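Residue numbers (our numbering): 0 to 386. Note that beta-carbon positions come from the ideal geometry of N, C-alpha and C, so glycine has one too. Here the structure is a predicted model, which is why all the values come from computation and not from measurement. Since the structure comes first, as structure tokens, the remarks are kept for the end.
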Ligand SMILES: [Zn+2]
Ligand SMILES: [Zn+2]
């Protein structure tokens, strides 16, 4: 079947779905309206639908004879951002906005659901469409897995898409190996001894200690991580004191660690801890460090990725395939791809004629031609995986 033409035929419906979701964004694990619309459409198309998975998640199952089980995952949540765009489909929900493109993912998911249901002659097996809540920090993927989403039946292969404004519409990124980073957040409390700003000798200054820690942490990536490897250590918050003439008792640092493999991750975590605790000790202060794992690295399977790359090249030409599309951002689809071999596909959604706004920005918007592109690539990949 001519997937591209079929997907193009859905353009207006995809745009309407996406704009409706965009106007009615919902935060993580609160996606009740979005989930309700999705469940109803899936049921109408003949899917077996399970609602309330990980609170607001929806799973649609379409059984079409013996064959492989393939899952395709999209996320549904919006962000706590006040939209600054002046568009007819601007968010109607104050302080909440689809600023990462998950509105587009839901539309793409419904487009995929539609074409796969209408063209059952083009594939054999079981299609499992997973509409996931709470990607933006609520760990919806892990919650869905806890709720058993990867069983009954267990998928053999997983696909997931993300619209990507850094790349122009009409391009795709599908790269084997790690493409998004494993992420941890960390928090350190530095306890010194407060006192008069004019008599520092009577104090243990937590601000000076924290400043030394911030500087020393810069050596983890530059001195401990191989120049051929990749990692980020960021201090995102340094909180202490509030008067010009007072040395406070304590300081708090908060940050994040990003890595592409678990060995580097363990080493970076160890060094961050050693530097914080050691520097505090050197200054006569005390430090307690808390580390909180968020997501593992997102690793694309080589075989599935090769198939997706062939799909992109066949449908859109070799120039459409961007190699080495990777980011130190993180994505909880990593939990699915950690268990099921698969491919996370970046669908270019940047405007052709002007600079595309960044994800998580109040001006975020996409070139909506990315919707048809996303549907076409996923449907074609599904049909080849289940051909
Ligand atoms: Zn995001
Ligand atoms: Zn996202």
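1. Please report the Cβ distance between residue 311 and residue 376, rounded to the nearest whole angstrom; I am assuming they are in contact, meaning their Cβ atoms lie under 8 Å.
2. How far does the alpha helix (DSSP H) with residue 95 in it reach, from first residue to last?
3. When you compare the CB positions of residue 246 and residue 199, do they come within less than 8 Å of one another, or not?
4. Relative to the C-alpha of residue 256, which residue among 295, 241, 173 is closest?
5. Out of 177, 25, 37, 76, state which residue places its alpha-carbon closest to the alpha-carbon of residue 333.
6. Take the Cβ of residue 291 as the centre, count every other Cβ of all protein chains shown within 10 Å, and call the residue buried at 16 or more, exposed below.
7. Do residue 72 and residue 335 have their C-beta atoms within less than 8 Å of each other?
8. At a cut-off of 7 Å, would you count residue 62 as near ligand 1, judging by its Cβ distance to the nearest heavy atom?
9. In terms of DSSP beta bridges, what is residue 342 paired with?
10. Quick one: is residue 205 buried, meaning 16 or more other Cβ sit within 10 Å of its Cβ, or exposed?
11. Do residue 105 and residue 80 have their beta-carbon atoms positioned less than 8 Å apart in this structure?
12. Where does residue 42 land, buried or exposed, given buried means 16+ other C-beta within 10 angstroms?
13. Below 8 Å on the Cβ atoms is my contact criterion, and I expect residue 339 with residue 173 to pass it. Report the Cβ-Cβ distance as a whole number of Å.
14. For the beta strand (DSSP E) holding residue 185, just list the boundary residues, first then last.
15. So, do the stretch 191-198 and the stretch 214-221 have three or more beta carbon pairs nearer to each other than 8 Å?
16. At which residues does the alpha helix (DSSP H) containing residue 0 begin and terminate?
17. Under 7 Å Cβ to Cβ from residue 23, same chain only, skipping five residues before and after it: list those, please.
18. Expressed to the nearest angstrom, what Euclidean distance is found between the alpha-carbon atoms of residue 285 and residue 25?
19. Quick check for students: name the residue ranges of the alpha helix (DSSP H) that lie wholly in the stretch 57-120, counting only runs of 4 or more.
20. For residue 28 versus residue 133, is the C-beta spacing smaller than 8 Å?
21. Answer yes or no: the CB of residue 386 versus the heavy atoms of ligand 2, is any distance below 7 Å?
22. In whole angstroms, give me the CA-to-CA distance for residue 224 and residue 159.
Here's the rundown:
1. 6 Å
2. Looking at the DSSP string, residue 95 is not in any alpha helix (DSSP H), and its letter there is neither H nor E.
3. yes
4. 295
5. 177
6. exposed
7. yes
8. no
9. 158
10. buried
11. no
12. exposed
13. That pair is no contact at about 16 Å.
14. 181-190
15. no
16. That residue, residue 0, is in no alpha helix (DSSP H); it is neither H nor E in DSSP.
17. 32, 91, 92
18. 42 Å
19. 101-117
20. yes
21. no
22. 30 Å
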